[in-house]
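First up is the structure itself, then whatever we jot down about it.
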Ligand code: 5GP
Ligand code: MG
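Residue numbers (the numbering used here): 7 to 183.
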């Protein structure tokens with residue numbers, strides 16, 4: 007598949023985003039809450055640029071079921087969250103598309119009474135947002151296409167591509183077998 011964002015472009019975008027995050031928190035401890043499974047590569051790369059005291063936790067969100075490129079019903083598992091009360095919490099997801107996932111997670115995490123709650127995404131798709139909320143940190147704005155790689159999947163495949171690509175017909179057929 008042809009890269010939409012190459013490895014070096016991703017590296018640079020992650021570095022830039024980490025710098026903005028570091029500036030915002032100015033050394034205060036932060037709890038990163040990654041959204042499984044798509045954010046795994048972004049979280050792993052991002053945290054290695056951050057030098058403040060960091061805790062890492064994960065929630066699971068799922069809105070794509072099987073070989074689908076349109077979101078279905080949203081499933082959230084927040085059962086592995088640590089104590090968030092009084093903490094600076096940064097939600098980290100792979101992509102802000104309609105924004106429904108982030109909106110639901112912000113609503114859920116707010117109930118834990120963190121000291122602050124912000125969000126960071128690797129990607130934001132242009133012209134797709136259905137919610138008032140906007141992420142605090144965005145590494146890249148991309149066109150409205152279904153993308154895979156760098157943690158993002160189609161039917162649970164292609165997460166291990168080191169670059170980001172628009173899913174092509176052949177790859178979609180391979181992954182649907
Ligand atoms: P939202 O709730 O903002 O519509 O969707 C967010 C979630 O949908 C993301 O966390 C991601 O898992 C999934 N998603 C949205 N667009 C894409 C895409 O182009 N490719 C992949 N692989 N997942 C996507
Ligand atoms: Mg996701």
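The beta-carbon is built from N, C-alpha and C at its ideal position, and this holds for glycine as well.
Please read these numbers as outputs of a predicted model, since none were measured by experiment.
Please report the Cβ distance between residue i and residue j, rounded to the nearest whole angstrom; I am assuming they are in contact, meaning their Cβ atoms lie under 8 Å.
i: residue 136; j: residue 116; result: Their Cβ separation, rounded to whole angstroms, is 19 Å, which puts residue 136 and residue 116 out of contact at 8 Å.
i: residue 5; j: residue 130; result: As displayed, the chain neither begins before 7 nor continues past 183, which places residue 5 out of reach and without an answer.
i: residue 28; j: residue 56; result: 6 Å
i: residue 144; j: residue 100; result: Not really, about 12 Å apart at Cβ, beyond 8 Å.
i: residue 111; j: residue 67; result: 7 Å
i: residue 134; j: residue 150; result: 6 Å
i: residue 181; j: residue 164; result: 7 Å
i: residue 84; j: residue 114; result: 6 Å
Tell me whether residue i is buried or exposed, calling it buried when 16 or more other Cβ atoms sit within 10 Å of its Cβ.
i: residue 58; result: exposed
i: residue 93; result: buried
i: residue 107; result: buried
i: residue 168; result: exposed
i: residue 194; result: There is no way to answer for residue 194, as the model of the chain reaches only from 7 to 183.
i: residue 81; result: exposed
i: residue 141; result: buried
i: residue 79; result: exposed
i: residue 125; result: buried
Using CA coordinates, which residue listed in the options is at the minimum distance from residue i?
i: residue 139; options: 151, 123, 20; result: 123
i: residue 88; options: 14, 174, 38; result: 38
i: residue 153; options: 16, 167, 171, 163; result: 171
i: residue 121; options: 35, 25, 11, 14; result: 35
i: residue 64; options: 41, 16, 166; result: 41
i: residue 158; options: 15, 70, 14, 112; result: 70
i: residue 53; options: 73, 98, 72, 90; result: 98
i: residue 14; options: 163, 156, 114; result: 156
i: residue 166; options: 149, 31, 44, 147; result: 44
i: residue 174; options: 90, 125, 134, 75; result: 75
i: residue 86; options: 77, 96, 62; result: 62
i: residue 179; options: 30, 96, 10, 73; result: 73
i: residue 118; options: 132, 96, 91, 32; result: 91
i: residue 95; options: 30, 12, 7; result: 30
Check whether the stretch 12 to 27 and the stretch 42 to 60 touch, using three or more Cβ-Cβ pairs below 8 Å as the test. yes
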